[in-house]
Amino acid sequence: MKILVVYNVVEAVEQGEEDDLFAEQEIVFVEQEIEKALQAHGHTTAPVPIRDDLWGPLKQYDPSEWLIFNLCESIRNKTYLEPYIISVFEHLGFRYTGSERRTLANCLNKPRAKEILMAHGLPTAAYQVFTPWTIQRHLEFPLFVKPVSEDASIGITLNSVVHDDRALRRQVRYIWELYHQPALVEEFIEGREFNVTVLGNESPRVLPLSEINFRRIHDPFARIVSFRAKWVPTSPEYIRTPPTCPARVGDTIKSRIEDVARRAYQAMGLRDYGRVDIRLRNGTPYVLEVNPNADLSPDAGIARAARTAGMSYADLADEICRLAARRYRLKGFARPRIVSYDIKARSVGSDGVYSIPVSALLPTHAREARIKRAPQIATLPA
């Protein structure tokens, strides 16, 4: 199979913290790893870096010959344009891995995602949306504050859990001023946290559960996956939140988590692969986030779950392509599901709302590579 690995290149952040650039630039490393993985399975690959222009780099390739492995999450560092990327793929006639634009738009719009989850009877934290001028709180403290339209834990710090109105106002203003968007304010769900990888389409399967191990954090309100816990290996937050895969849970709880994750995956319309983040409180799994086209770093949750299930990183990349190929009825694969091109999706950005037409153990080399790429900060005592 001939596969274009399309990814976005970000050289500077226009909003947010300077460290946010590390999460954006990680995709360059992921692209290299995905290419090597696909080549190991005999695929022909070509990298397609995207900066400001998406059309030009793709026009030199024949859509009838190439499948796109989509790693492109933004244009000009604007994540809300992610659904537009899919519009271009489809306009040019390309088939691609991962979720379609309506799903991406809904998942990027966190309040909309929660509405969909609730409409399907799935447990998720009660919430409100605030700007610095519209704070009329009805929820009880403690609360969790994050941007309405970011991913990769961007905008989440140890200050994101708030216990009073003063802290709430401070954090809402922080998000407004740095990320130029409202804040999603949720009831804080105290409990164990799981990353649940789901693969497939008509009959999605759940891979072994991965749990964020918070045992080294004594303050229950500091048991969160902040930006540094996710992206900065030299930080105390990262060091104190190691993953455990497979998670140690009883059969009953495991079945509940798997069921909620699978239903959330289907409710949001994910395709091929994704990750559902869940918190467990009093035996009930609450959906935190549904992540289409989730992080595929060799040391991230999806690859970790795949390894625990007996799949190599190369097998995982190949399987994602095969799932997409079956949807599109490429050589020797099953007939795809028909998708309407008349549905409208909406993408919420900091400068407007856009209508979009819809047509295990970490390997040592991966651990060392991430540490070398990480910004160096002072490490506090464990």
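Residues in the sequence shown are numbered from -15 upward in steps of one, following the numbering used here.
Ideal Cβ positions, reconstructed from N, Cα and C, are used throughout, including at glycine.
What distance in whole Å lies between the Cβ atoms of residue j and residue i, which are believed to be in contact at a cut-off of 8 angstroms?
i	j	result
P41	V(-11)	Their Cβ separation, rounded to whole angstroms, is 12 angstroms, which puts P41 and V(-11) out of contact at 8 angstroms.
P269	R240	5 angstroms
V146	L123	That pair is no contact at about 11 angstroms.
I173	R291	Not really, about 28 angstroms apart at Cβ, beyond 8 angstroms.
I119	L162	At roughly 17 angstroms, the Cβ-Cβ gap does not stay under 8 angstroms, so I119 and L162 are not in contact.
So for residue i, helix, strand or coil by DSSP?
i	result
S144	coil
L307	helix
D235	helix
P95	helix
A109	coil
D261	strand
T181	strand
S219	coil
Y158	helix
Y312	coil
V169	strand
P365	Only weak support exists for where P365 lies, its pLDDT of 35 falling under 50; the value from the coordinates is given anyway. Three-state result, P365: coil.
E273	strand
T87	helix
L369	Outside the displayed range of the chain (-15 to 366) lies residue 369, so it cannot be described from this structure.
F13	helix
P67	helix
P204	helix
P282	coil
T228	strand
I18	helix
F53	strand
L41	Before going further, note that residue 41 is Pro rather than Leu in the sequence given. P41: helix per DSSP, three-state reduction.
L76	helix
I138	coil
R189	strand
L127	strand
T115	coil
V244	helix
T28	strand
T81	coil
R199	coil
Is residue i near residue j, with beta carbons less than 8 angstroms apart?
i	j	result
T141	S219	no
V156	F114	yes
V169	Y111	yes
S194	A167	no
W160	P116	yes
E17	Y222	no
L106	A301	no
P33	V(-6)	no
L38	I59	yes
L254	P282	no
I196	E177	yes
Can you give me the C-alpha to C-alpha distance between residue i and residue j, rounded to a whole angstrom?
i	j	result
F125	A309	47 angstroms
D85	A97	The sequence given here has Arg at residue 85, not Asp. The alpha-carbon atoms of R85 and A97 are separated by roughly 14 angstroms.
S187	E134	29 angstroms
L55	H164	25 angstroms
A109	P217	29 angstroms
E72	C305	The residue asked about is misnamed: residue 72 is Val in this sequence, not Glu. In a straight line, the C-alpha of V72 is about 19 angstroms away from that of C305.
R207	I201	6 angstroms
T28	N93	35 angstroms
S48	Y312	11 angstroms
F13	G267	38 angstroms
K(-14)	P131	38 angstroms
M295	D279	17 angstroms
D36	Y68	13 angstroms
T87	R224	33 angstroms
E273	D299	26 angstroms
A293	E15	23 angstroms
K214	A136	8 angstroms
E74	S144	38 angstroms
G184	P227	24 angstroms
S343	G234	With a pLDDT of 34 at S343, under the threshold of 50, the modelled position of this residue cannot be trusted; read the value that follows with caution. Approximately 43 angstroms, taken between the alpha carbons.
I52	I237	37 angstroms
G150	A89	Note on residue identity: the sequence assigns Arg, not Gly, to residue 150. C-alpha separation (whole angstroms): 32 angstroms.
K20	E10	16 angstroms
E57	R212	20 angstroms
Q44	E303	26 angstroms
D158	R189	It is worth fixing the name first, because residue 158 is Tyr in this sequence and not Asp. Rounded to the nearest angstrom, the two C-alpha atoms are 39 angstroms apart.
V182	R265	22 angstroms
R121	L191	38 angstroms
N179	P95	20 angstroms
Beta carbon of residue i: closer than 7 angstroms to some heavy atom of the ligand FAD?
i	result
E177	This structure does not include the ligand FAD; it has no bound ligands of any sort.
Does the stretch 247 to 264 come within contact of the stretch 277 to 291, defined as at least 3 CB pairs closer than 8 angstroms? The answer is yes - the stretch 277 to 291 touches the stretch 247 to 264, with three or more Cβ pairs under 8 angstroms.
Can we say the stretch 99 to 107 touches the stretch 57 to 71, given the rule of at least three CB pairs closer than 8 angstroms? The answer is no - the stretch 57 to 71 does not touch the stretch 99 to 107, with fewer than three Cβ pairs under 8 angstroms.
If you pair each beta-carbon of the stretch 15 to 33 with each one of the stretch 235 to 255, do three or more pairs fall below 8 angstroms? no
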